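Structure record follows, encoded as structure tokens.
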Amino acid sequence: LVTAWSPGFTGYVVDYGTYPDQHSRYFRLTQAKKTLGRASPGSGLEGSWFQGLGKLADKLAAMKVTREDGAELRLSRVLIDANYGLSTETIYSFCRQSPHKSLLLPSHGRGVTASSLPFSEYKKKGGDLVGLNWRVPAIRGKRTIRHAIYDVNFWKSFIFSRLGTTLGD
Numbered sequence: 097l098v099t100a101w102s103p104g105f106t107g108y109v110v111d112y113g114t115y116p117d118q119h120s121r122y123f124r125l126t127q128a129k130k131t132l133g134r135a136s137p138g139s140g141l142e143g144s145w146f147q148g149l150g151k152l153a154d155k156l157a158a159m160k161v162t163r164e165d166g167a168e169l170r171l172s173r174v175l176i177d178a179n180y181g182l183s184t185e186t187i188y189s190f191c192r193q194s195p196h197k198s199l200l201l202p203s204h205g206r207g208v209t210a211s212s213l214p215f216s217e218y219k220k221k222g223g224d225l226v227g228l229n230w231r232v233p234a235i236r237g238k239r240t241i242r243h244a245i246y247d248v249n250f251w252k253s254f255i256f257s258r259l260g261t262t263l264g265d
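Taken in order, the sequence shown gives residues 97 to 265; the numbers are from our numbering.
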């Protein structure tokens with residue numbers, strides 16, 4: 097999903113789809129004819145993820161969006177979900193090695209519950225980037241690449257309410 101957001105959080109869905117393209121607006125996993133494995137013959141699971149991400153990152157890095165006023169824009173950030181346990185290290189490795197690494201950021205959604213520490217109460221440490229219910233910690237430990245952590249519950253609710261707002265509100 098490619099979205100665009102104005103500073104006032106007016107949101108736009110710019111593009112969406114699957115890779116490999118299924119040529120269908122709706123399908124189930126069992127109906128998928130084109131898979132990453134078939135698109136990457138001879139590759140194992142991680143290799144097919146890596147190659148699929150490479151092709152998708154190339155497409156996204158080349159994408160240009162034209163605003164109503166004629167201004168041409170490019171993507172400023174691509175978040176890649178790195179929460180699926182088996183894929184985490186592959187995602188980090190891909191983001192480190194990609195020619196588009198300045199555009200890519202592994203991301204981790206965290207469910208903040210009543211018993212959890214809210215993002216607004218995290219203590220900012222040197223080098224951390226912090227925003228509204230998200231943060232990008234400074235590089236520490238074994239991972240030599242920055243990553244985003246965000247409150248998935250807040251952002252799902254926030255985006256759902258914005259996408260359901262009447263035009264002009």
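Just so you know, even glycine gets a beta-carbon here, dropped at the ideal spot from N, CA and C. The structure displayed is predicted, hence computed values, not measured ones.
Backbone CA spacing between T209 and A178 [nearest angstrom]: 21 Å
DSSP-derived helix/strand/coil call for K129: coil
State buried or exposed for P214, treating a residue as buried only when at least 16 other CB atoms are found within 10 Å of its CB. exposed
3 or more residues per run - each beta strand (DSSP E) lying fully within the stretch 106 to 166: 107 to 111 and 160 to 162
Give me the Cα-Cα distance between G166 and S139, rounded to the nearest whole angstrom. 42 Å
Note the first and the last residue of the continuous alpha helix (DSSP H) segment covering V248. V248 to L259
To which residues does DSSP link R231 through a beta bridge? V226 and I245
Taking the alpha helix (DSSP H) that S203 falls in, what are its first and last residues? Where S203 is concerned, there is no enclosing alpha helix (DSSP H), although the beta strand (DSSP E) it sits in stretches over L200 to R206.
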